[in-house]
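Numbering (the working numbering), first residue to last: 394 to 686.
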């Protein structure tokens, strides 16, 4: 099914802006630089470019793979030897570009290349009629050829209007079957390569949430959180974005009442390193257009 021209243009605009901001934001990852300053400056770039964030800027250190962002008052800095994943999502009128790069502050070049090469190999195979399991086979084989493991329980994902995780799901490991790609589909492919176990688990710390139900809240702190969440139309937001005090009480109440969904930070085993590379694309008649490249 051919994508509507206005929708197509919005995806392309979002992709071009995401590419520009990611390049500038990743350039701020330097030894000794403060994480919070880097995150806020990069997020502000998105607004300055006339777009909006699809999710808080994810910046994940070393064995962390996803769902980490700066905390309020975060004092972390980047250090020599770190492997930093910078994952940016922006939208134009709800149409999303999701893209990520790994910044190497150590000697992890081969690991970074593993995820990059896997992404490029998978992109080269995208066309109508291809089954998503075939892309997972390519990603796994490429990462293993480089001497690392793919992260089995993280996947690429479909992108729809105000929807970050729709169909199709793009596996990072070999699978039989899956979704048959069709012209007009928009999705992100994001291979993760690791020196660790090949599986991520949830940490206790949560910085990112999204609203999943529209019910009233009684606590003043919960009401303030929903004032931040509602305009997002279901897209994730950061704890850091909520003004005022007693935010933790409001968040826990809203999660317990099924109004918010938490996204705990995801990590492989301590001491391991994870790399990530990601692009957004639209399936075309004979291949795909990578909007974020």
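Backbone N, C-alpha and C define an ideal beta-carbon position, used for all residues, glycine too. For clarity, every value in this text was computed on a predicted model and none was experimentally measured.
Tell me which same chain residues have a C-beta within less than 6 Å of the C-beta of residue i, skipping the five on either side of it?
i           : result
residue 626 : 555
residue 467 : 428, 429
residue 571 : 524, 525, 526
residue 485 : 403, 406, 407, 444
residue 605 : 654
residue 616 : 610
Can you check DSSP and say which residues form a bridge with residue i?
i           : result
residue 653 : 604
residue 659 : 459, 595
residue 466 : DSSP output for residue 466 lists no bridge partner at all.
residue 374 : Residue 374 cannot be examined here, being either before or after the span of the chain that is shown, 394 to 686.
residue 453 : 478
residue 542 : 587
residue 580 : 551, 674
residue 427 : 470
residue 484 : 445, 489
residue 631 : 601
Would you kindly report the start and end of the unbroken beta strand (DSSP E) that includes residue i?
i           : result
residue 491 : 488 to 497
residue 613 : Residue 613 -> not in any beta strand (DSSP E); alpha helix (DSSP H) instead, spanning 613 to 622.
residue 639 : Here residue 639 belongs to no beta strand (DSSP E), and DSSP marks it neither H nor E.
residue 574 : Here residue 574 belongs to no beta strand (DSSP E), and DSSP marks it neither H nor E.
residue 559 : 556 to 563
Look at residue i and residue j and say whether their C-beta atoms are less than 8 Å apart.
i           : j           : result
residue 610 : residue 547 : no
residue 541 : residue 587 : yes
residue 488 : residue 403 : yes
residue 652 : residue 635 : no
residue 476 : residue 462 : no
residue 492 : residue 505 : no
residue 558 : residue 503 : no
residue 507 : residue 668 : yes
residue 543 : residue 591 : yes
residue 672 : residue 649 : no
residue 549 : residue 583 : yes
residue 562 : residue 676 : no
residue 427 : residue 633 : no
residue 529 : residue 566 : yes
residue 452 : residue 479 : yes
residue 662 : residue 456 : yes
residue 670 : residue 410 : no
residue 518 : residue 535 : no
residue 639 : residue 614 : yes
residue 425 : residue 454 : no
residue 678 : residue 537 : no
residue 680 : residue 520 : yes
residue 514 : residue 531 : yes
residue 400 : residue 483 : no
Near residue i, what residues of its chain come up, given a Cβ to Cβ distance below 7 Å and the 5 sequence neighbours on each side ignored?
i           : result
residue 573 : 522, 524
residue 682 : 674, 675
residue 474 : 498, 499
If I follow the unbroken alpha helix (DSSP H) through residue i, where does it start and stop?
i           : result
residue 665 : Careful: residue 665 lies outside any alpha helix (DSSP H) and carries neither H nor E.
residue 418 : 398 to 419
What residues in its chain sit with their C-beta under 8 Å from that of residue i, if we drop five residues either side in the sequence?
i           : result
residue 436 : 446, 449, 450
residue 603 : 622, 625, 627, 628, 629, 630, 653, 654, 656
residue 434 : 418, 421
- At what residue ranges does the segment 496 to 525 contain a whole run of the alpha helix (DSSP H), taking only runs of 4 or more? Here the runs fully enclosed are 502 to 518.
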